[in-house]
Amino acid sequence: MSFALMRGFRTLSRIAHPSLVNSYFLGGPSSKSMIPITSGTAIQPVFSPQNSVANMASFTTSDHWKVERVVAVAMVAIIPGSFVCDSAMMNYLLAATMAIHAHWGMDAVLIDYCPRKALPFANLLRYAMTAIAFGGLCYFNYNDMGLTKALKALWALH
């Protein structure tokens, strides 16, 4: 007896008719690499490398997810650390992590809620907003008091 039958797993074709299960139903707009089931019970991703040199240099999805988690956990230390050790380096590190964290967060929002036809323009807008935000934070750090001193001054106003 197989492990799937012992644990009570059923094949997808026994739960729903294969013609009803397509890539949009399973994953929504973010399932760009899925293909609809025509026969059989397995769903397999489609990998179509356009440029093998460019694909070797890029992250896989799991690597990108791991980097996102590392940045998010690092922010747990960077935010209070920038208030304890108020320096220019910590202000720029805080600006960079805030900008990249917001950039990745907007990526998830756009993939979930933006129509596919508008996604290229929305991504262009997202990159422009990230660059402007990071440039503005760096400008504020260089020409004014810095992020942490500004937040300390804002919290002292109550």
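Here the numbering used here is used: position 111 in the sequence shown is 200, and no number is missing along the way. Glycine included, each C-beta is placed from N, C-alpha and C at the ideal position.
- According to the DSSP assignment, Gly225 belongs to the alpha helix (DSSP H) that extends over Leu208 to Asn232.
- Counting every other CB atom within 10 Å of its CB across the protein chains shown gives Thr150 a total below 16, marking it as exposed.
- Approximately 6 angstroms separates the beta-carbon atoms of Val160 and Ile189; this is inside 8 angstroms, confirming the contact.
- Just measuring C-alpha positions, the residue of Asn212, Lys238, Glu157 and Cys227 sitting nearest Asp196 is Asn212.
- In the DSSP assignment, Ala245 falls outside any alpha helix (DSSP H), carrying neither H nor E.
- The beta carbon of Leu182 lies closer than 8 angstroms to those of Ile167 and Ser171 in the same chain, with the five residues before and after it left out.
- Minimum Cα-Cα distance from Ala222 among the listed residues Trp154, Arg158 and Ala191 corresponds to Ala191.
- Annotation for Arg205: no alpha helix (DSSP H) segment contains it, and DSSP assigns it neither H nor E.
- The C-alpha of Pro204 is placed about 26 angstroms away from the C-alpha of Asp152.
- For Asp152, the enclosing alpha helix (DSSP H) has its first and last residue at Thr150 to Val173.
- For Gly235, the three-state secondary structure derived from DSSP is coil.
- Here Asn232 is not near Ala184, since their CB atoms are 8 angstroms or more apart.
- The criterion of a C-beta distance shorter than 8 angstroms is not satisfied by Leu246 and Leu236.
- Rounded to whole angstroms, Ala177 and Ala220 show a C-alpha spacing of 20 angstroms.
- Under the 10 Å beta carbon count, Arg158 is surrounded by fewer than 16 other beta carbons and is classified as exposed.
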